[in-house]
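Peer 1:
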Amino acid sequence: LVQHGSRFVTVTNQGWDTHLDNFTGHKRLLGPLDQAVPATLGSLSDKGILNRTLVVVMGEFGRTPRINENTGRDHFPRANWCLMFGGGAAKASLVGGTTPAGDGPDDDTRISPDDIAATIYDALGISPLTEYFTSSGRPVTLVAEGRVLTEVFG
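In terms of my numbering, the sequence shown opens at residue 3 and continues consecutively.
1. Output yes if chain D places a C-beta closer than 7 Å to the C-beta of Thr42; else output no.
2. Look at the alpha carbon of Gln16 and the alpha carbon of Lys29, and state the distance between them as a whole number of angstroms.
3. Since I believe Asn24 is in contact with Gly74 (beta carbons under 8 Å), could you give me their beta-carbon distance rounded to a whole number of angstroms?
4. Give the single residue among Gly50, Val39, Asn82, Arg68 whose Cα lies nearest to the Cα of His6.
5. Please return the same chain residues whose Cβ sits closer than 7 Å to the Cβ of Gly106, not counting the five positions on each side in sequence.
6. In three-state terms, what does DSSP make of Leu56?
7. Straight-line CA distance for Pro67 to Asp76?
8. Bridge partners for Leu85 per DSSP, in chain order?
9. Any idea if Gly127 is buried or exposed, counting beta-carbon neighbours within 10 angstroms, 16 or more meaning buried?
10. For the alpha helix (DSSP H) holding Thr1, just list the boundary residues, first then last.
11. Around the C-beta of Gly61, are 16 or more other C-beta atoms found within 10 angstroms, so that it is buried, or is it exposed?
12. Any chance the CB of Val11 is under 6 Å from a heavy atom of the ligand GTP?
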């Protein structure tokens, strides 16, 4: 799709809601993901378009650092993860972090979902501050509060 001009492609993989039996669920889910990501990156690289294609792998929230009574992990919005490849993203760089216990963001590297969105829009060549108007004329800014994580791009 990207090779033929699509500007944005979404691929989803369901089943990551691991409140129960986290380890068995991840064993089932991580193998296909571990194959799909490098295969996608390799294909884009072979076609010469990885450098202009930003690949983002993420979930909508993190998981608790502690295992619950059902050997699962619950929703944890205080810390999450996001992988970015290609599209000018720096190789092997780490942006952000958690406390040593994993119970929240490190105060020095606090990153919000708005920051991730602003960074993706910026990589697409769209200003995160672009303003659109609803059908009733109300202005809406794409990402009013986010900052572009310039360190992602070296």
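We put the beta carbon where it would ideally sit given N, CA and C, even for glycine. The model shown is predicted, which means the values in this text are computed figures rather than measured ones.
Peer 2: The answer reads as follows:
1. Protein chains in the displayed structure number just one, and chain D is not present.
2. Walking along the sequence shown from the start, residue 16 turns up at place 14. Walking along the sequence shown from the start, residue 29 turns up at place 27. Cα to Cα, the separation comes out at about 14 Å.
3. As a position in the sequence shown, residue 74 is number 72, starting the count at 1. As a position in the sequence shown, residue 24 is number 22, starting the count at 1. 5 Å between Cβ atoms; contact.
4. One-based indexing of the sequence shown puts residue 6 at position 4. Minimum Cα-Cα distance from His6 among the listed residues Gly50, Val39, Asn82, Arg68 corresponds to Gly50.
5. If you number the sequence shown from 1, residue 106 lands on position 104. Only Arg80, Ala81, Thr100 meet the Cβ criterion.
6. Mapped onto the sequence shown, residue 56 falls at position 54. Leu56: strand per DSSP, three-state reduction.
7. Taking the sequence shown and counting its residues from 1, one reaches residue 67 at position 65. Taking the sequence shown and counting its residues from 1, one reaches residue 76 at position 74. Going by the C-alpha atoms only, they are around 9 Å apart.
8. Walking along the sequence shown from the start, residue 85 turns up at place 83. DSSP, once it has assigned bridges, lists Val59 as partnering Leu85.
9. To locate residue 127, count along the sequence shown from 1; it is residue 125. Result: exposed.
10. Nothing about residue 1 can be reported from this structure: the residues present for the chain run from 3 to 156 only.
11. Within the sequence shown, numbered from 1, the residue matching residue 61 stands at position 59. Around the CB of Gly61, fewer than 16 other CB atoms lie within 10 Å, so the residue is classed as exposed.
12. Ligands displayed in this structure: none; no statement on the ligand GTP is therefore possible.
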